[in-house]
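Trainee:
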Amino acid sequence: MSQAKLRQCLCEYCTNVSLKLDTVKAVATQRREYQCVITNERAAVRIITCDPKQKSCCYSTCQQCSADLMDVYLQPLRDADQGDLMKWYRWENQMRVIRGQPVSRKCLVTKVGDLATLLEELKAEVKFLSQHLFRADWQHRQFTTLRNATPFPQETVMMVLDFAENFTCQYQQEVQAAHWHHDTVTLHPIVAYYKCPACETTTTESLVFISNDGKHDFHAVQAFMVKTVDHLQQERGLTINHIVQWTDGCAAQYKSKGPFADISRALEDFGATLERNFFGSRHGKGPSDGESAVVKNHMMTAIVAENAVVTSAEDVYNYLQGSSLRKPPPVHGCSHFLRTFFWVPEGTINRDRPDRPAKTVKGTRMFHSVKCVEQGQIQSRHLTCTCHPCMSGIGDCTFLEVVGPWSSQTLCPQARQRQPCVPQPRRQQPRARRQQPPGRRQQPRARRVIVLPDVAEPASPPPSDNDEHASPAPSDHDHASPPPSEHDEPASPAPYDHDEPASPASSDNDEHASPAPSDHDHASPPPSEHDEPASPAPYDHAEPASPAHDEPAPSDHDEPASPASYDHVESASPAHDEPVNADHDEPASPAHDEPDSAEPAIFMDLGVPVNTAPSAMDQEGITAPKRTVTKGDWLRVVFHSSKGQSAMEYVAKVLDTDGTETFVSCLRPPYTPRSKQFTYPKEPDETWISRDQITAFLGHPSISRDAYSFDSL
């Protein structure tokens, strides 16, 4: 028992088959059917395949290989079956409630069933396992082939990358109160292989990155890679034209749209092409894990022997720098094994990189090799190949039928590929009126007039002798305004508002234009001579006044009204409406009951932005933008729901602009209403917005622990 060890970090697929084989072995031994005993999962794969190293056999394209061979092999056990129940174990995902939230956890579950059920599950899992092990073995053979190549390819560096489990700073002679407060240390070894500058031998150098930054993400990997390439070029004097990486398939670190965007920019970042290969799923143990074990074991030995007192990650780095683990190059001659330590303090890793947007690549889990092409473009294929044509780039791949061809992948987000939004034409057919509930008094709704501060209004022309610029109140039965008389002058175009355009001029007896009808009114009664214009409703996140039900088609000379700004709301005096200079008019944004094509689809289903906190920002003091939007600006922007019933604001950074639209990246709101700390979400919310969605310009934020603070909020 003293020699028993914990076997951990095993492959889930291999372990599930092994657990079933343990039960089969116990049943076969009990019934004396020893020929049905299968020792391990690889022996089970050999039963259903001719040659486990051939892709056609493992992928069931061989005529002689089939999962049904497992039934033939275990037929004596089936014949002796008496229908008894048995149990076996299996690793499965189960939902657990942790702190009131459902969380999926991988658990070892006890399964109960008869022998037939057990063997059917075993056959299905062994069939999948044959493909799984073929991919893992192929990838490992390609890695070994390139590592042992003699001579190593010129101007090429191969790297193995992997995060280690965090090291915990412990103490010898530790008091009880200190047991619950231990700092952790991030370790990320990069084992590099390159041709020795002085001879033909391959040099192995371990570059161990030590940090107190606890985030294991692709931003940290990119920061470590930049330091690695600089070190090899500056300190080791290498000329690097091609980089070959080997990693596991962790999506947050190496295999997702973010890491793929960094791969596509390899020529810009490192001055070399980059190819990233992935070990088989759950079979990614390699030299990097060995380096992690060496460093941790050395530190624990020093702590137990009281040779070191480490309280933080920086203490670990300082101790290792002076320890025997550090292997610098010799003064004379050459050394073929080196080890270097790097200190990366928290806050030095750049995670604000909105200039590298990318979209998810379809089929990411199926390919195991990716290489850069150009910015925003990569190529991928099913498996890795290190044959001479693939490494030199001359000729066709020797194992093309096994690894598959290269396929191009575009990383540019769909939002950038959209055409600029075009204002929708106004409705030319009147909408059906709703019936007025009996007994309800009709109340006119005030029209909102929004005046932009950066557009000057020209002087109004003198009114006609016969009439004022007024429109008659619509009748309950009429859906269109009456034609103007021959002495009437055309009404002025609509001011800067979301309201409908002005109706045609009225007859000679009308003096005041009727206000816009309310949501429940079909037509407002004509005002008397003593009526005063209604004051506008205060700004309270309500939608702008809805368009009138009887909207005439715009004339050929009318320009659409400019988009609304939510900072200047004035009461509209119908009798004193001033015409707007058409030369300065901007296209009108569509009504809120017709969503703009420029609104992002990610906000349509929820009604409001997914990262919006209604109480996160003060709604008063909103000012309209008065300057040109440029890349890198911080804005406060507004989004309306799909039905126009609510409007939410939040903070965004400008990634790009074409003068008409602006591409922004949104921040996560604070968790507390009065906090002004904002962070980037794990999945960035990026979309195009129009000019009228910008409510204010913000100053540059102060950054603390990846949180952004704005003094202007």
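If you use this note's numbering, the sequence shown closes out at 698, no skipped numbers anywhere. For glycine and all other residues, C-beta sits at the position ideal for the given N, C-alpha and C.
1. Kindly indicate which residue of 336, 618 and 246 has the alpha-carbon position closest to the one of residue 648.
2. Can you tell me which of the three DSSP states residue 58 falls into?
3. If I follow the unbroken alpha helix (DSSP H) through residue 701, where does it start and stop?
4. In three-state terms, what does DSSP make of residue 379?
5. Decide if residue 670 is buried, meaning its Cβ has at least 16 other Cβ atoms within 10 Å, or exposed.
6. What whole-angstrom Cβ distance do residue 154 and residue 296 have, given they're in contact under 8 angstroms?
7. Tell me the rounded alpha-carbon separation between residue 281 and residue 202.
8. Are the CB atoms of residue 21 and residue 35 within a distance shorter than 8 angstroms?
9. When DSSP builds the beta bridges, which residues end up paired with residue 663?
10. Taking the DSSP output, what are the residues bridged to residue 87?
11. Cβ atoms of residue 249 and residue 360: under 8 angstroms apart, would you say?
12. Between which two residues does the alpha helix (DSSP H) harbouring residue 303 extend?
13. Within 10 angstroms of its Cβ, does residue 128 collect 16 or more other Cβ (buried), or is it exposed?
14. Any chance the stretch 224 to 231 sits against the stretch 316 to 324, with 3 or more Cβ pairs inside 8 angstroms?
15. Using only CA atoms, which one of 80, 271 and 315 lies nearest to residue 183?
16. Counting Cβ pairs closer than 8 angstroms, one from the stretch 344 to 357 and one from the stretch 205 to 225, do we hit at least three?
17. Any idea if residue 83 is buried or exposed, counting beta-carbon neighbours within 10 angstroms, 16 or more meaning buried?
18. Could you tell me the alpha carbon to alpha carbon distance between residue 633 and residue 625, rounded to whole angstroms?
19. Among the residues of its own chain, which have a CB less than 6 angstroms from the CB of residue -11, if the five just before and after it don't count?
20. Does the stretch 264 to 273 touch the stretch 144 to 154, meaning 3 or more C-beta pairs lie closer than 8 angstroms?
21. From the DSSP secondary-structure annotation, give me the bridge partner or partners of residue 221.
22. In terms of alpha-carbon separation, which member of 59, 33, 40 and 43 lies closest to residue 52?
23. Near residue 148, which residues of its chain fall below 6 angstroms by C-beta distance, leaving aside the five closest residues on each side in sequence?
24. Kindly indicate which three-state DSSP category residue 291 falls into: helix, strand or coil?
25. Closest to residue 101 by CA distance: which of 646, 5, 268 and 368 is it?
26. Are the CB atoms of residue 0 and residue 73 within a distance shorter than 8 angstroms?
27. Helix, strand or coil: which one does DSSP assign to residue 49?
28. What's the gap between the Cα of residue 68 and the Cα of residue 59?
29. Could you check which residue in 46, 115, 90 and 385 has the C-alpha nearest to that of residue 25?
30. So residue 189 packs on residue 176, CB below 8 angstroms; how close in whole Å?
31. Which residue's Cα is closest to the Cα of residue 686: 652, 139 and 85?
32. So residue 62 packs on residue 12, CB below 8 angstroms; how close in whole Å?
33. When the distance is taken between beta carbons, is residue 329 closer than 8 angstroms to residue 113?
34. Go through its chain and collect everything with a Cβ distance to residue 291's Cβ below 7 angstroms, but skip five positions before and after it.
35. According to the neighbour-count rule (16 or more other Cβ atoms, all chains shown, within 10 Å of its Cβ), is residue 335 buried or exposed?
Mentor: Inspection of the coordinates gives the following:
1. Reading the sequence shown from its first residue, position 663 is the one you call residue 648. Ranking 336, 618 and 246 by Cα distance to residue 648 puts 618 first.
2. As a position in the sequence shown, residue 58 is number 73, starting the count at 1. Correct three-state label for residue 58: helix.
3. It is not possible to answer for residue 701, since the shown part of the chain is limited to -14 through 698.
4. Indexing the sequence shown from 1 puts residue 379 at position 394. Coil at residue 379, not helix or strand.
5. Taking the first residue of the sequence shown as position 1, residue 670 is located at position 685. Buried, since its Cβ has 16 or more Cβ neighbours within 10 Å.
6. Walking along the sequence shown from the start, residue 154 turns up at place 169. Walking along the sequence shown from the start, residue 296 turns up at place 311. Their Cβ separation, rounded to whole angstroms, is 6 angstroms, which keeps residue 154 and residue 296 in contact under 8 angstroms.
7. Indexing the sequence shown from 1 puts residue 281 at position 296. Indexing the sequence shown from 1 puts residue 202 at position 217. Looking at the two C-alpha atoms, the distance is approximately 21 angstroms.
8. Taking the first residue of the sequence shown as 1, we reach residue 35 at position 50. Taking the first residue of the sequence shown as 1, we reach residue 21 at position 36. Cβ distance not < 8 angstroms, so residue 35 and residue 21 don't count as in contact.
9. Translated into the one-based positions of the sequence shown, residue 663 becomes position 678. Bridge partners of residue 663: 693.
10. By 1-based counting over the sequence shown, the position of residue 87 is 102. DSSP, once it has assigned bridges, lists 82 as partnering residue 87.
11. Residue mapping note: residue 360 aligns to position 375 of the sequence shown, counting from 1. Residue mapping note: residue 249 aligns to position 264 of the sequence shown, counting from 1. Contact flag set, yes.
12. Locating residue 303 in the sequence shown gives position 318, where the first residue counts as 1. Secondary structure note for residue 303: its alpha helix (DSSP H) is the uninterrupted segment 298 to 306.
13. Position 143 of the sequence shown, counting from 1, holds the residue named residue 128. Classification of residue 128: buried, given that the 10 Å Cβ count is 16 or more.
14. When C-beta atoms of the stretch 224 to 231 are compared with those of the stretch 316 to 324, fewer than three pairs fall below 8 angstroms, so the two segments do not count as touching.
15. Walking along the sequence shown from the start, residue 183 turns up at place 198. Cα-wise, what sits closest to residue 183 is 315.
16. no
17. Sequence index remark: in the sequence shown, residue 83 carries index 98 (1-based). Exposed, because fewer than 16 other Cβ atoms sit within 10 Å of the Cβ of residue 83.
18. Taking the sequence shown and counting its residues from 1, the one referred to as residue 633 is at position 648. Taking the sequence shown and counting its residues from 1, the one referred to as residue 625 is at position 640. Straight-line Cα distance between these residues: approximately 6 angstroms.
19. Mapped onto the sequence shown, residue -11 falls at position 4. Answer for residue -11: no residue qualifies.
20. yes
21. On the sequence shown, position 236 is the one that residue 221 refers to. Note: residue 221 sits in no beta bridge, so no partner.
22. Numbered from its first residue, the sequence shown carries residue 52 at position 67. Check the Cα spacing between residue 52 and each of 59, 33, 40 and 43: the tightest is with 33.
23. Residue mapping note: residue 148 aligns to position 163 of the sequence shown, counting from 1. Excluding residues within five positions, the ones whose Cβ falls inside 6 angstroms are 173 and 201.
24. Taking the sequence shown and counting its residues from 1, one reaches residue 291 at position 306. Residue state, collapsed to three classes: coil.
25. As a first step, residue 101 is located in the sequence shown; it is residue number 116 there, counting from the start. Closest option to residue 101, Cα to Cα, is 5.
26. As a first step, residue 73 must be located in the sequence shown, where it is residue number 88. As a first step, residue 0 must be located in the sequence shown, where it is residue number 15. The answer is no: Cβ separation not under 8 angstroms.
27. Looking up residue 49 in the sequence shown gives position 64. Three-state DSSP puts residue 49 in coil, outside helix and strand.
28. Taking the first residue of the sequence shown as 1, we reach residue 68 at position 83. Taking the first residue of the sequence shown as 1, we reach residue 59 at position 74. Approximately 15 angstroms between the Cα atoms of the pair.
29. Counted from its first residue, the sequence shown places residue 25 at position 40. When each option's Cα is compared against that of residue 25, the closest is 115.
30. Taking the sequence shown and counting its residues from 1, one reaches residue 189 at position 204. Taking the sequence shown and counting its residues from 1, one reaches residue 176 at position 191. Yes, they are in contact, since the Cβ atoms of residue 189 and residue 176 sit about 7 angstroms apart, within 8 angstroms.
31. The residue given as residue 686 occupies position 701 in the sequence shown. Closest option to residue 686, Cα to Cα, is 652.
32. Taking the sequence shown and counting its residues from 1, the one referred to as residue 62 is at position 77. Taking the sequence shown and counting its residues from 1, the one referred to as residue 12 is at position 27. Between residue 62 and residue 12 the beta-carbon gap is near 7 angstroms, inside 8 angstroms, which marks them as a contact.
33. The count along the sequence shown starts at 1 and reaches residue 113 at position 128. The count along the sequence shown starts at 1 and reaches residue 329 at position 344. At least 8 angstroms separates the beta-carbon of residue 113 from that of residue 329.
34. To locate residue 291, count along the sequence shown from 1; it is residue 306. Only 157 meet the Cβ criterion.
35. Walking along the sequence shown from the start, residue 335 turns up at place 350. Around the beta carbon of residue 335, fewer than 16 other beta carbons lie within 10 angstroms, which makes this residue exposed.
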